Structure formats: structure tokens, C-alpha cells
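Structure, as C-alpha cells:
There are 4 protein chains.
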Amino acid sequence: MQKIKIGIIGATGYTGLELARILSGHPGVSIEIITSESYTGKKFSEIHPSLRGIVDDTLQSIKDLNKTPVDVVFLALPHGVSMNFVKEHGYDKYKVIDLSGDFRLPDAKVYKQWYGKDHVIPEAIQDAVFGLPELFGEEIKNAHLIANPGCYPTSCILPMAPLVKNNLIDANSLVFDSKSGVTGAGAKAKETTHFPNTNDNFKAYGLFSHRHTPEIQNVISTFSNAAANVLFTPHLLPLDRGILTTAYAVPTTAKSREEYKDCLATFYKNKPFVQVVDTPPAIKEVRGSNFCKLFVDFDERTNRVVTVSVIDNLVKGAAGQAVQNMNLACGLDESTGLMTPPLAP
Amino acid sequence: MQKIKIGIIGATGYTGLELARILSGHPGVSIEIITSESYTGKKFSEIHPSLRGIVDDTLQSIKDLNKTPVDVVFLALPHGVSMNFVKEHGYDKYKVIDLSGDFRLPDAKVYKQWYGKDHVIPEAIQDAVFGLPELFGEEIKNAHLIANPGCYPTSCILPMAPLVKNNLIDANSLVFDSKSGVTGAGAKAKETTHFPNTNDNFKAYGLFSHRHTPEIQNVISTFSNAAANVLFTPHLLPLDRGILTTAYAVPTTAKSREEYKDCLATFYKNKPFVQVVDTPPAIKEVRGSNFCKLFVDFDERTNRVVTVSVIDNLVKGAAGQAVQNMNLACGLDESTGLMTPPLAP
Amino acid sequence: MQKIKIGIIGATGYTGLELARILSGHPGVSIEIITSESYTGKKFSEIHPSLRGIVDDTLQSIKDLNKTPVDVVFLALPHGVSMNFVKEHGYDKYKVIDLSGDFRLPDAKVYKQWYGKDHVIPEAIQDAVFGLPELFGEEIKNAHLIANPGCYPTSCILPMAPLVKNNLIDANSLVFDSKSGVTGAGAKAKETTHFPNTNDNFKAYGLFSHRHTPEIQNVISTFSNAAANVLFTPHLLPLDRGILTTAYAVPTTAKSREEYKDCLATFYKNKPFVQVVDTPPAIKEVRGSNFCKLFVDFDERTNRVVTVSVIDNLVKGAAGQAVQNMNLACGLDESTGLMTPPLAP
Amino acid sequence: MQKIKIGIIGATGYTGLELARILSGHPGVSIEIITSESYTGKKFSEIHPSLRGIVDDTLQSIKDLNKTPVDVVFLALPHGVSMNFVKEHGYDKYKVIDLSGDFRLPDAKVYKQWYGKDHVIPEAIQDAVFGLPELFGEEIKNAHLIANPGCYPTSCILPMAPLVKNNLIDANSLVFDSKSGVTGAGAKAKETTHFPNTNDNFKAYGLFSHRHTPEIQNVISTFSNAAANVLFTPHLLPLDRGILTTAYAVPTTAKSREEYKDCLATFYKNKPFVQVVDTPPAIKEVRGSNFCKLFVDFDERTNRVVTVSVIDNLVKGAAGQAVQNMNLACGLDESTGLMTPPLAP
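Chains as they are written, first to last, in our numbering: chain A, 221 to 565; chain B, 221 to 565; chain C, 221 to 565; chain D, 221 to 565.
And the structure:
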């Protein structure tokens, strides 16, 4: 079988690293080009020594992409930079999977509201498919531009979208209390990610203003019969990888854990990466893997539904999900190259 | 001035260690006896090498207490054991400050419901004062039996009780999402606290069933005009000390951050250990200290009030608060011996 | 091609877990039986939820091994228990790869001296091959009983054995200062591995008395022209996986970094898992992988050779190396199923 | 008694923070001025929120020092900047305690060799006293310029200087394998201290070239009868505070642990901050305190002496030791304001 030809645009961040790590073991692809404007000419493994002997490709410039035949391009670029790439290169010569936030929101107006800048190619937003395969698998198969979801939204939407869709909860009552590892803040050293500021520490940040809020809200509203306002609070955990989201909702009619669990179990029946489990899952159970574990419970005393979900923010929350999208968009089995077990402990 | 004579009953756990650490620097007390049934005859600092040269007292048996004149006894015992001590020794010869859960709930019936056993001295529950000095300072001054609050309840009640009292929020809408360090689980090695099970990991536990729930609910109901049902979800953080609680409520009339902040600032105006701050506080800002930092905000979009509070679970959540209670009960200034700054980073 | 039939004896520890994790992705094997006497009848993934959906085999008893045709048996048992298994079952029906310390030392006398007990099958010690493939690959190919090396010895021997063999250093001057993650202490909760005793902490232990000492010394002496006494100091790092060993030696004739580096580079030229690198490697660069990175330098001022080596103690230090040994002993390419990249960050 | 008037020059780093934390509880001092050129006009506690309510002084400029009468000035400045301060301000108007490396080495030549720049006030080097109170207490009492030792040197010199002085070990055989927490790298975010690069990680750095090497070597040589070359290898631990140094030496005549232990115990008999202990100490036993714990052992098999020492790098390794020096230089008891117990766990 012919291998799918891959380009990775942006090599120095964590999503670039993870794409390389995952794709290096994928049986159906060949990495044709990895770009970095700041490290052009260096080996990938000089920047990321953990992949020494595995991904030793020389980093090229984005300009070299035109000379390189590729089938799929992953954009591991900051938001704002991605949309410029799409504006310049389009998404007809190859499929584009964008890991930034540039094409995840419903329109340019909402984009401006949360990202504070004008979108440079608003018409592409309509073409973009939100790349959450368990919810939009069919659309992804035919997509040419895929907006890979944010890490937090993946962890928030997966447990709650089926409950909203089946009218088991009041979408407007949703509160997402999310806790993320530090890699979610990127590979660049900042004051907030300085080890002594993070180790043995824990804090909330971005209250009411985090850019993943409209992303969650948009998908939840899609599955609801009316626009929903959801509350999202991110926190920074003293660990590398992983997001755990505890979500709270007021139930509608159903009044037992079984009804909620059945709803999730049915919805995710044939989905290889979503596991509905019977005890609250821990972050480390999915570390390094593309799995998402979901737990749901109902409390009669306070009349609340609570879900707990865990993912690895760099895998199911970013690069793994991007490869899952690529598999679907290229006609491969969804799980090809992605069944690596979690690394625990 | 004559020193207050202290007994510490139970030396091997973290609360015993913290009581010794704090009281060793307290100018108004003298530790007369520290007991441990399992290590009788050993030096305290053999069990806790961090206090070598500081607390080298020989551990005695509880039986030696009768021969030792003391003014205040701290019970650093497991729940169930504390109430037996109180049954046997009473609380008239000396003031008793109990750090277990045995005297925190409103009555023996609720105790049995959440702790699964009969209370051995139900009449003492009525005499016990809930030792949260910022809320019950006057009662504490005259108390003979003080039920030192749980660590989680301290972090949940302090931000929300004033808002409930002033009718600014609907008490029945309260959701407490709490995250605690591992010392909250005690000094004894368990599977859940085995380093590789906790490091780089994060999980929820005790959903709907944690014993601190009725403690929170009882105090919140006291400040509310009606019985309130509150939802409490504890999580285990990969760090040693500290609790951060993110709490969510539906507002009643007030619709601005200022109104909520003013309510808290007024309530805690002359309280030396509660600081109302303008950015969400981090756990490490209070580590090793008796301080509690509170943050409150109002989100117009979702119509929610959110508070973030941090304490050190072993200090303001246990031993420090116990010493604060002792100060009040013995006529000292509330903050005597407790102004040690946090250790950060 | 026919799959190699595998038995894993001992499922509950970290080496059992890692064997299952690695072998689940190995293209040339089929796991026929996994045993656990304490959890017989339960699913493997109930004990190790990270492998849910990947290794869901029902745990059997060791007694079921006789009914199960296998080609290779991995013993993931404590020392003392392994030798009893070998005494009872032998190593002629299938190849045995033992991950305990029972067959690593030169004879029963040394075993008794360091392990404090009589060896139950001393004659098997002579048959056992020390399973360090980069040093004893040829012997391993024909071995029926393989003593998989200890984690510390792997990290100590790989950098220094080539230098000793080539007479570049004085073997008697060797000092190994090793630092290990907590998984090296096993899956069972102990006081020393209680999270608050380990987190943000660091200590030396087992000075002069650690059982890996004679293992290191025996192999170093084999490569030296005379018996060598080596000093080994283990330390406990506040992290899960990985060993870093800093080793010190007095040089003989060579007086430049290049000579030492060339020696290592030549020795490990065609070895897929050993990388000789130009800057001191970090533990995370090999986490989750079977790689070992080696660095060597020479200090003219103090006339010393220093090496720094890193491995993942559970992979190259245990289960990965065991699978590498299996590959060799079964005629497969050494690296089959083992090229999973490290998980970093 | 009149309070000693203090100036802290340099507020934003960890040593500035620790000086403020420690001095805020010191009964014999009053902080007259804290300076920061980058944050002039802000409150100290805005930069360091852990000291909110404790040190709320407004930060001033260095220029304001001339208008402020002080008895002692602490320089919490980077090396290179400190010597310029001393050149400009001298050390006759007030005593100067410098926490940088500018006055620790024997002369300007060695300074240039290791720090790569010319010393601007070489004559002051001769006036400076090396501020290790347990070794140079008498000189410190009369000093006007005190070079506060580096954190690593404190942990290396304390265990080995007495053994060298008493000719129990060969000074030229000394190898110091040191492991430090991340605060040793300063408060500024860097790539090496980015949380995901440090957490769950461990590495050696600065081999043969770390600037603390000549500082250790100089003091060891002072206590030896001949110039000694010592080998020093620093490593970066995934924790905030603390240094553990494992040191190796070849013994001369003494051949028992007792002889070595007696030597240390006698040497440090009346020193309040040095404890000679019987089991290898852990970093957390001294966290947040000015204590140093020392362990020594002798191995007959390999003929080596090994010491293990632990300190908090920010306290006994920096700010605490500086206050100890101030106490001595101002005629106070050495331990005034410094007996705060360690914070463990």
C-alpha cells in the first residue's frame, strides 16, 4: 500500500514533537517534511533529544513545502499563524489538519470576540470541520480542512455531549471544572511554568475568559435544542500531561446512575478510544495514549449529575486526535498507529 | 506570665507533628506531655527527624496524662478513638481540642449516617463548639470541648458562609470542587498514597460520600435561612500540603464582583488569617502558614458566583487552627505563635 | 510466522505490568497465560487499569502453567520465589527469563552473603546467562535460563565495562553514584514510598550494602584482568521512572575525552539501544523506552573519568531488557517490538 | 535594645525573598529599606504574594540607600553587580554581607579564571571574610565585608573540612556528587527550569566547570596541608529546595565509622545548626530551616569514606547563613531569629 505523505509544519512545540513521536510508529505514513523557521538546518532530534535515532530528519523551511509532494499537512503553529498559512497555501493541494484555535469557532465574529483579532480568512471557517471523531466522524472523512479541537474542549465535550443530545441534562446548568498538566501551556519557558512556581503548587487561571470556553459552548449548543451558556474554569496541575475535567449539571428526567451510564455506553459503543468506566478514572491511566475515560454518577441528595473524564492533553487532546482525524480523512481505520498503551506508572 | 500547660495526645500522625512544630515556637505554652501508644519511650524526634533538636521529648502513654497537670489537651487521634478518650477523660479538668471528626456534626444521628458507627458520648456533641474562629470566635472563648474543623470544610465554609449569611447566593446551588494535597490522607502508607500512584497523577474520589460533606452542609445551613444541600467533590493533588477549593453558586440579587468582594472583605475585616485577594490565589502562597486566601468573582454571561480559596490543610486546616482555637479559649491574642510566614517557593 | 507463546508469572508488580505493556505491542508473540496467586480469576486490567482494553486476560494460577503450552516464561517474582519456581519447573520445557536477583550472582556463596539465604538450586546458577545483551548477546542466544540484570547494574555496567575491558581505567577506583525513581522500590506501598515521604525529597540509602553491588562488581571483574572492588551508592529520586548513574574512575593511560568516547562508540556501534551522546543525558530522554544513553568525559585538572548514563529502570532496567533477551533467545531481531520512542515530556 | 537597621539590596530573586521572610521574624532587626530597580514603587508583597500582610514595604531604588541610615546591608544581587555596588558604596558606613560569588574566591586571578571577567575591586577580596560561621566564626565577628558562601560549597565543605583538617582523608581524592533543587537556578524562568523539562526528570550539568568548584577547593586547601584538587559534579533535582551532597574520599589512617563520626561530632559540638546523625539524612528533614545534617560512614571493602550532607539551599545555603553571619557580626547570639523548625512533610 502506498504510504500517506505527511508534512509537519512547526517542529519546536509540544504538538510538533508529539506528532513526530506518534507518526514515527504509524505503519501507513511517511514523513516527507518537518519545518521550523527558527531551527532550519538542524536535526529534529537536536531540538527533541528524546527522539534521537527515531526522528533525525533535518528541519526545513515552510518555503520548502511547495517543492515537497504531500497528502496531508499538520499545522503545529500558534493561533494567528495558522490562519495565515491557510490563507497563503489553501487546502486543496493537500488536506490540512490545524492544531491551533483558528478554525474551531463558529464564525469570525466569535473569533474576534475571544481571540481579540480579525480572522484573515473567514470563509475557510465554514469549510472547516471540528475534528472530534467520536462526534463528527462522517464529516471528517470528507473534510479538507480540519480544526483539531482544543485539549480542554475534548475533555469537556466527550462526557457531556451525549447527555445533552439525549436531553438528560439542562445544558445551561453546565459547569466544567478542569485541571490540566503544564504541557498545555506550551514548550516555551514562562514565569507561570517556571518549576518552583508550579511544583507543589496549584491554581485556577483564566476565569470566565479562557478561549476554550466558546469552543465547548459551541459544540454543546449544537447538540442541545437551544444555545447554551456554559461555565468553564481551568486550573494548572503540578504534572506534565493530562487533563481531568469534573463536570456538573442539573438533570432533567433521568434519576439513576444507570440511565446516564447507559447513555454514554451506547453513544460510544464502537469508538475505540472512549471507555466508559465504573470508578472515577485517574490521569495516569491514559498518559501517553489516545484514550479518554469517562465516568458518570447521579446524586439524589443534591439532584446533580457529575462526570469525570481524563485524557492526555498532548495525545487525545492534540496530536493523537489529529492523527485519528488523518486516519479518517485518508480512509484508514481510525485507530491505525494509535493503539500504544498508556505509560503507567 | 504563666505558660499554658499542653498535652498532645497522639504523636505519630501529621497533626501531632504539626502541633509540635507550631507549639515549639509558641511563646505562651509549655508542652508537658506527648503521647503515643505505639512508640512509648522513644523520642518524638526519632519518629519525626525534622524536629531533631527542637522537640526531643520522650513519648509517654495516655495513662501518664493523669499524673501530668495540663490546661489544654489536643487530641490528634483518629475519629472513633477521640470520642472514647472524651468519654473516659471528660473535658472539665482541662480544655479539649479534638482534631478528629467526632464532635463536628450536629448530632449522633447524622454522625452514624456518615461515619457508620454509634457515637459513644452523644451528649458531648451539644457541648462541643465548632472551632472555626472567624465564624464562632465568641463561642470558642468559653468552650471546653472544641471540635476542630476538617481541612476541606475550612476551605469551603470560609469563602461561602458570608455570602450565604448575607443572602447573596442560593445556598442550595452550592457546588464545592476541592483539590487536596496528599498529607490530607494521613501519615500511614496506603496504596492510594504510594508515590507512583500519586505522582504525575490526579483523581477524584469519595464522590457524594465524603465525611466532610455534612460538616460543610451543617455550617452553611446554620448561616442560611433554610437547610441547604451542598455538593462536595474532593480530588487528590500530586503535592504534599494545601487545599484549593473552587466553589460555584447561583447569585440572588447582587450582580457585580465588587458586591461579593465587599461582603467578604467586610466580614473578615479584623481577622488576621483571612485575606481577601484580587487574583485567584495559589496553594503555595499559604504553604506552612495559618493563612487562608479568598478570591471571588461574578460571571454575568453564565450568572454564577465563583470563589477560589486556599489553605494549608495541616495548618489552617488542622493544627494551626487548633492552636488558634487554644489562643482564644485561653484568653491569648488569636494570632500568638501563628504568624510564621508561608514557605514559598 | 508462528508466534512465540509467552507466559508471565507474577502479574501484580511493575515488571509484570511492563512485560504486559510491551508484549501487547510485540508482533511476534502471543501471551498464553498470566498468573497471579492473589488475584486469580480477576482480569489483568482490573489490577492495572492503564491496560484496560489492551490486556484484559483473566489471571490464572501458576498451577495452570502445566496445562498451557508456552515457549518462554518470564518470572516477574520476588527474589527467593523465583528460585523455587525454577527448582520446581526447571528450564528445559521452555526458556526461562528471570527478572529477580536469584540467578545473577556468580555462585551460591556470594548469593548467601548478600541475600542472606541459601540458594535452593545452586547448579542452575552456572547454567544461567547474565542477560545484558550488549555484553553477552552470543551466550543469550543459546541460553535456557536468563538472569535479567538489575536496574542499577544495567546503568552502571554499560558505561564502564568497555572502559575496563580496554584497560582505560583502574577498575578498583570505580565509584557509582546512582539515583533511581521510586518504581524501583516496587508496586507495594511502604513507608519509604509514601508520597509525602518522597515528594520534594531526596535521600541516599543502602550504603555499602545494596544487593546490586556484587552484581556490578562481578561483571566489572569479568571484564577486568583482576577482581575489582567497586563502590555503589543508591539514592531515591522524587520521580517515577528512570535511573541516572554518575560514575567516577581514575584513568590509566588515555588522557582525552575523545579516547574514552571512541571506546564506547566503537563498542556499541551496532547496538540499537545504546546511544553514546555528547552532552550529559537526562532521565526523561529515555522514559518509557528501552534506550540507554551514555556520556563520558575526562577532567585533566583532577585526573578523573566521569560517565553519566540514563535508562528507564522498568524498561531497559527490567521488562524491556527481558524482551530483548527473549528476542535474542528466540532468533528474532533484537529490537523487535521494542522501538517505542521515549515519552517526553 | 536597639534594633539593627537593615537594608536588602535586590528584592526580586529568591535570596531577597528569603531574607525578607527570615528577617520579618527576627526579634533584633528592623528592615529600613528594600530595593529593586525593576519594581521601584511596588509593594514587596506584590512581587512575592506569599509575604502579603507580612512584608508589605514599598520597594525603593538603590539610590535611596544613601538617605537611609542602616547598620547592615545584604546584597541579593547577581555576581558582577555586587562588586560594582561594593566599589561604589564601600563597606565602612555599614557592614556588607554579599550573597553573590564576587568575594568568595582567593584572588582576582582565580575570579577571572572561573567567572570570565575582571574583578573591579580586587583589594576588597582580601578584606572579605568567607562567611561559613562554623569554620570562620571568629573572623566573621569582626568582618566588614562578608562573602556569604555558595549553596553547593556549604553542603560540600561542612562534612569534609573537619576530616581534612584532622588528616583523616586524602584531600586530593575528594569527589563531591551534589544534587540540588531548582531554586538554586534562580527565580527567573529559563528553558532548563521550565516545569516539563524538570519535573520527573534528573540530569547532571556543569561538569568540571561549575563556579562553585574553586570555592570548595579553596576552603578545603586551607584546611589541608597542601593545595587540593577536588572534583565537583552538580545535578538538578525535580524539587524546589534542598541540596544533598554525597562525598567520597580515600582515608588515611582511620579505619572505622566511629573515628570519622567522632571527628565531626567534636568539631561541631557547640554549633547550633550542624547535626551529626546516624542514618543518611533526607533533604526534607531540613527544608525551610538553617540546619545542616551530616552523616559519615567508612567502607572497609572498598577503603572509602563517604559523607552525606543536606541543607536547604535558600536558607543554610544562602539567606539563613547570611543572617547567621549578621548575628555574629553584630554581637548577637548566632541563632537569633533562625530556630524556625523545618517544614516537613
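A virtual CB, placed ideally from N, CA and C, is assigned to each residue, including glycine.
As the structure is a prediction and not an experimental result, all values here were calculated from the model.
Strictly under 9 Å for the Cβ-Cβ distance: is residue i near chain C by that measure?
i       : result
G462(D) : yes
N286(B) : no
L279(D) : no
F572(A) : One cannot answer for residue 572(A) here, as it falls past the ends of chain A, which runs 221 to 565.
For a contact meaning CB atoms closer than 8 Å, what does residue i contact in chain B?
i       : result
T413(D) : Ordered by position in chain B, no residue passes the 8 Å Cβ test against T413(D), which lies about 11 Å from the chain.
In the structure shown, what three-state DSSP assignment does residue i receive?
i       : result
Q222(A) : coil
V292(C) : strand
K489(D) : coil
R241(C) : helix
R272(C) : coil
L383(B) : helix
E252(C) : strand
T418(A) : helix
T560(D) : coil
T260(A) : coil
K410(D) : coil
For residue i, which residues in chain A fall below 7 Å Cβ to Cβ?
i       : result
T403(C) : P565
P269(C) : E505
What are the boundary residues of the beta strand (DSSP E) that includes residue i?
i       : result
S398(A) : 395-400
C512(C) : 512-519
A467(A) : 463-469
K307(B) : Element bounds for K307(B): not the beta strand (DSSP E) but the alpha helix (DSSP H), 301-309.
A367(A) : 365-367
T527(D) : 524-531
F452(A) : 451-456
K329(C) : Careful: K329(C) lies outside any beta strand (DSSP E), inside the alpha helix (DSSP H) at 328-335.
Are the C-beta atoms of residue i and some chain D residue less than 9 Å apart?
i       : result
V450(C) : yes
T522(C) : yes
Does the beta-carbon distance from residue i to residue j come in below 9 Å?
i       : j       : result
L325(A) : H309(A) : no
Q292(C) : I242(C) : Residue identity check: residue 292(C) is Val in the sequence provided, not Gln. Not in contact: V292(C) and I242(C) (Cβ atoms no closer than 9 Å).
K289(A) : N545(A) : Residue identity differs from the one stated: residue 289(A) is Pro in this sequence, not Lys. In this structure, N545(A) does not lie closer than 9 Å to P289(A) by Cβ.
C512(A) : G248(A) : no
P562(A) : V528(A) : no
T453(D) : L388(D) : no
V496(C) : V516(C) : yes
Just the chain B side, please: which residues come within less than 7 Å of residue i by C-beta, in chain order?
i       : result
D420(A) : L459, D460, K504
R431(A) : Those within 7 Å of R431(A) in chain B number zero; the least Cβ separation is about 14 Å.
Given that residue i touches chain A, what residues does it touch there, using C-beta distances under 9 Å?
i       : result
Y468(B) : V395, D397, L451, T453, Y468
K410(D) : A409, H414
Tell me, please, whether the CB atom of residue i is closer than 9 Å to any CB atom in chain A?
i       : result
N417(B) : yes
Y372(D) : no
Looking at the C-beta of residue i, does it have a partner C-beta in chain F at a distance below 9 Å?
i       : result
Y259(B) : The structure shown contains no chain F; its protein chains are A, B, C and D.
So, is the C-beta of residue i closer than 9 Å to a C-beta in chain B?
i       : result
A424(A) : yes
Since residue i meets chain D, which of its residues come closer than 9 Å, beta carbon to beta carbon?
i       : result
P500(B) : Residues of chain D passing the Cβ test: none, with the nearest at roughly 11 Å.
Strictly below 7 Å CB to CB, what residues from chain C border residue i?
i       : result
L427(D) : P500, D517, V526
Where does the unbroken alpha helix (DSSP H) through residue i begin, and where does it stop?
i       : result
I345(B) : 342-347
Q437(A) : 432-443
Whose Cβ in chain D lies nearer than 8 Å to the Cβ of residue i?
i       : result
G508(B) : G508, L563
What in chain D is Cβ-close to residue i, meaning under 7 Å?
i       : result
G273(B) : Q495
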